[in-house]
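Numbering (my numbering), first residue to last: 3 to 79.
For reference, the structure discussed in these notes is given below.
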Amino acid sequence: LNHSGGDIVKTITVTSEDKDGDIVTSTVTLTISDGAPPVIDTVPTVALEEANLVDGSSPSLPVSQTETIAFTAGSDD
Numbered sequence: 003l004n005h006s007g008g009d010i011v012k013t014i015t016v017t018s019e020d021k022d023g024d025i026v027t028s029t030v031t032l033t034i035s036d037g038a039p040p041v042i043d044t045v046p047t048v049a050l051e052e053a054n055l056v057d058g059s060s061p062s063l064p065v066s067q068t069e070t071i072a073f074t075a076g077s078d079d
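Below is the structure:
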């Protein structure tokens with residue numbers, strides 16, 4: 003659910019009738035709340051040295067690096 007502003011509040015009237023004709027009416031309030039957005043917790047630093055490239059001065063060193071970006075998922079399902 004993505005919307006600007008606060009909660010969405012709707013009032014619903016429910017009427018029920020049983021087999022012998024008794025009727026009951028109730029009002030139900032439905033509140034829909036938007037959850038928390040996702041948050042990026044950490045973004046690691048990744049460095050690339052020109053010297054490590056194929057035509058650089060030290061091409062035998064690694065030219066790639068793998069890191070993990072940590073995040074907290076939002077509460078929307």
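The C-beta atom is built at its ideal place from N, Cα and C for all residues, glycine as well.
query, result
"Are Glu69 and Pro46 closer than 8 angstroms when you measure CB to CB?", "yes"
"To the nearest angstrom, report how far apart Ala49 and Gln67 are at their CA atoms.", "8 angstroms"
"Once the 5 residues before and after Glu52 are set aside, which same chain residues still bring their CB inside 6 angstroms of it?", "Gly58"
"Please report the residue range of the beta strand (DSSP E) in which Ser81 lies.", "Because the chain in this structure spans residues 3 to 79, residue 81 falls outside the shown range and cannot be described."
"For Ala49, name the three-state secondary structure that DSSP assigns.", "coil"
"Measure the beta-carbon distance from Asp9 to Thr33 and round it to whole angstroms, keeping in mind my assumption that it falls under 8 angstroms.", "5 angstroms"
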